[in-house]
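A.B. asks:
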Amino acid sequence: MSLAQRVRDHRYSKGWGPDELASRAAISRTALYQIESGKTELPRAGTLRRIALALDVSMEILLGHSEAGPVVAATAKPSRANSEWVPSEGGPLTIPSTRTTPTIENVDGSRFGVESTPLVTAPPESYLSVRERELAWKLRELLSSNLGEGIARIIEESYRLLPSSRHVG
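Mapping to the UniProt record's numbering: the sequence shown position 107 is 107, numbers consecutive.
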């Protein structure tokens, strides 16, 4: 089955029209049409990632590297617990079988000069937009890298620029 057919099948299984998927994936309606009609056989990694996130399927399934088909309305919502991939443009399109990603709950806050208990709990990922999930993933990766302390300082300084009524705590 082609990428075009898989994208269409997953979109149909959600009961979405092309405008809905394009909006949720933050891509143009024209770009989605090009993909679904097969005129763009292999879109950029970032575009595929946004489509996969919007459809709530792994890149592996979207690219046809798995036997799993689209989710039908009568079945439970699929889980992508171990289905993370490198979200960089041009990055790998395969999914590591296991990967540990730090979350705000398990990052050692003392490393950044803050309490290790989070003051605010983020909403479940299902409530976040594709762009917000992508940015949250990138932030977790940056904080766990050797740039983590500098990134944390930049965030703290930037946060102080917000009006004080928006500060929590």
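Idealized CB from N, CA, C, for every residue including glycine.
(1) Using the Cβ count rule (16 or more neighbours within 10 Å means buried), how would you classify H10?
(2) Could you give the distance in angstroms between the alpha-carbon of L161 and the alpha-carbon of G38?
(3) In the DSSP assignment, the alpha helix (DSSP H) including L161 goes from what residue to what residue?
(4) Mapping the DSSP letters down to three states, classify T40 as helix, strand or coil.
(5) Any heavy atom of the ligand ADP closer than 8 Å to the Cβ of R44?
(6) If contact is defined by three or more beta carbon pairs under 8 Å, each pair taking one atom from either stretch, is the region 135–145 in contact with the region 33–53?
(7) Count the other CB atoms, across all protein chains shown, that sit within 10 Å of the CB of E36; report buried if there are 16 or more and exposed otherwise.
(8) With 16 as the cutoff for other CB atoms within 10 Å, does I154 come out buried or exposed?
(9) Could you say which of P18, Q5, D56 lies nearest to T30 if we only look at CA atoms?
(10) Closest Cβ-Cβ distance between P18 and chain B: below 9 Å?
C.D. replies: Concretely, from the data shown:
(1) Taking the sequence shown and counting its residues from 1, the one referred to as residue 10 is at position 10. It counts as buried.
(2) Sequence index remark: in the sequence shown, residue 161 carries index 161 (1-based). Sequence index remark: in the sequence shown, residue 38 carries index 38 (1-based). About 46 Å.
(3) Mapped onto the sequence shown, residue 161 falls at position 161. Premise fails: L161 is in no alpha helix (DSSP H) and is neither H nor E.
(4) As a working note, residue 40 is residue 40 in the sequence shown. Three-state DSSP puts T40 in coil, outside helix and strand.
(5) The model on display carries no ligand, and the ligand ADP is accordingly not part of it.
(6) The region 33–53, when compared against the region 135–145, does not touch it at the 8 Å Cβ threshold.
(7) In the sequence shown, the residue the question calls residue 36 occupies position 36. That one is buried.
(8) Position 154 of the sequence shown, counting from 1, holds the residue named residue 154. By the C-beta density criterion, I154 is exposed, having fewer than 16 other C-beta atoms within 10 angstroms.
(9) Counting from one through the sequence shown, the residue named residue 30 turns up at place 30. Taking only the C-alpha atoms, the option nearest T30 is P18.
(10) The chain inventory of the structure shown lacks chain B, comprising one protein chain alone.
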